[in-house]
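Worksheet for the structure shown next.
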Amino acid sequence: MAQKKDYLKGQLGNAVSAIIKGIDRDVERGEDALMLGLCIVMLSSTFAPVAPPNILLPLVALTFATSSGFARMNYRNMERKLLESMAQLEGNDKIILHPIAAVFAEYPMHSLAESFNPLKNLKRTWKSALGGILINPLWMPIFYVMGMQIIEEKNLGILNRAIIGVEQKISSLSSVV
Numbered sequence: 143m144a145q146k147k148d149y150l151k152g153q154l155g156n157a158v159s160a161i162i163k164g165i166d167r168d169v170e171r172g173e174d175a176l177m178l179g180l181c182i183v184m185l186s187s188t189f190a191p192v193a194p195p196n197i198l199l200p201l202v203a204l205t206f207a208t209s210s211g212f213a214r215m216n217y218r219n220m221e222r223k224l225l226e227s228m229a230q231l232e233g234n235d236k237i238i239l240h241p242i243a244a245v246f247a248e249y250p251m252h253s254l255a256e257s258f259n260p261l262k263n264l265k266r267t268w269k270s271a272l273g274g275i276l277i278n279p280l281w282m283p284i285f286y287v288m289g290m291q292i293i294e295e296k297n298l299g300i301l302n303r304a305i306i307g308v309e310q311k312i313s314s315l316s317s318v319v
C-alpha cells in the first residue's frame, strides 16, 4: 500500500478538518504502538519462570526499543505530512493549524540513531546506569529505552492536547457563525 504524502490526498470538503482527522488518527496509531509495547513488557513476567533473566531482559529492552522506534518514525511522518498539507492551504487555515505545527517546532524529534546513542543522551545514560547499579546491571538497557518510551508518550500527549485545542477552537467558531 502506498503511503500518503500529506493529509489532503483524496479528501473533499473542509481541508482543515481533513488534516485534523488525519493527524489525530496518526497520534492514535503512535499511542497504540507505545501501549502495545508496554503491554507486551507487562506480559513478559509470565515467562519469568521458564526464561532466564539474561534472555528475558534483553527481549524487554528490544520491545521498548521497537515500540518507541515505531512511535518516533510515526511522529516524524506526522510532522512531514502536516507541513506538506499546510503548504497547500491559504493563510486563515494555516493560522488555525499553527498550534499543532508549533508543537512539532517546540518538541522536535531527533533521528533514531541519535536517540540510541548513549553519548548524545548523557542524562538518560546516567539515569539508566544509576538504575542499573541500584537494581541490576542487566536493567540498564531497559531503563535507557524506557526513557525513550517516556519521551515519546510525553510528546504524543502534548500533540494530542494541541489537536483537542484546535478542534475546540473550530467548534466554537462554527457555533458562533
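Going by our numbering, the sequence shown opens with residue 143, and the numbers climb by one from there. Cβ coordinates follow ideal geometry from the N, Cα and C atoms, glycine included.
When the options are compared against residue i, the one with the closest alpha-carbon
{"i": "Tyr-286", "options": "Ile-300, Asp-174, Asn-263, Leu-298", "result": "Asn-263"}
{"i": "Met-184", "options": "Thr-205, Leu-315, Ser-270", "result": "Thr-205"}
{"i": "Ala-157", "options": "Ser-270, Lys-265, Leu-239, Asn-278", "result": "Leu-239"}
{"i": "Ser-270", "options": "Gly-289, Leu-261, His-252", "result": "Gly-289"}
{"i": "Met-251", "options": "Lys-147, Leu-301, Ile-197", "result": "Leu-301"}
{"i": "Gly-307", "options": "Val-245, Pro-200, Gln-230, Asn-196", "result": "Val-245"}
{"i": "Met-220", "options": "Leu-231, Trp-281, Ile-305", "result": "Ile-305"}
{"i": "Gly-211", "options": "Ser-316, Arg-167, Arg-171", "result": "Arg-171"}
{"i": "Gln-310", "options": "Lys-265, Arg-222, Pro-241", "result": "Pro-241"}
{"i": "Gly-299", "options": "Tyr-249, Ile-182, Arg-266, Leu-272", "result": "Tyr-249"}
CA-to-CA distance, residue j to residue i, given in whole angstroms
{"i": "Met-143", "j": "Val-169", "result": "Per-residue confidence for Met-143 stands at a pLDDT of 43, beneath the threshold of 50, marking its modelled position as unreliable; no derived number is given."}
{"i": "Ser-257", "j": "Leu-150", "result": "31 Å"}
{"i": "Leu-276", "j": "Leu-254", "result": "27 Å"}
{"i": "Pro-191", "j": "Gly-274", "result": "22 Å"}
{"i": "Asn-297", "j": "Gly-233", "result": "27 Å"}
{"i": "Tyr-217", "j": "Phe-189", "result": "32 Å"}
{"i": "Ala-175", "j": "Ile-312", "result": "29 Å"}
{"i": "Lys-163", "j": "Trp-268", "result": "39 Å"}
{"i": "Glu-226", "j": "Pro-260", "result": "33 Å"}
{"i": "Leu-199", "j": "Pro-279", "result": "11 Å"}
{"i": "Lys-147", "j": "Gln-291", "result": "26 Å"}
{"i": "Gly-179", "j": "Trp-281", "result": "17 Å"}
{"i": "Ala-213", "j": "Met-177", "result": "10 Å"}
{"i": "Leu-231", "j": "Ile-237", "result": "10 Å"}
{"i": "Leu-315", "j": "Arg-303", "result": "18 Å"}
{"i": "Ile-197", "j": "Ala-207", "result": "16 Å"}
{"i": "Asp-235", "j": "Ala-193", "result": "55 Å"}
{"i": "Pro-195", "j": "Ser-317", "result": "58 Å"}
Whole-Å CB distance - residue i paired with residue j, under 8 Å assumed
{"i": "Pro-283", "j": "Ala-203", "result": "4 Å"}
{"i": "Leu-224", "j": "Ile-165", "result": "6 Å"}
{"i": "Ala-243", "j": "Met-228", "result": "6 Å"}
{"i": "Ser-186", "j": "Leu-201", "result": "7 Å"}
Could you pull out every unbroken alpha helix (DSSP H) segment of at least 4 residues lying fully inside the stretch 148-181, listed in chain order? none
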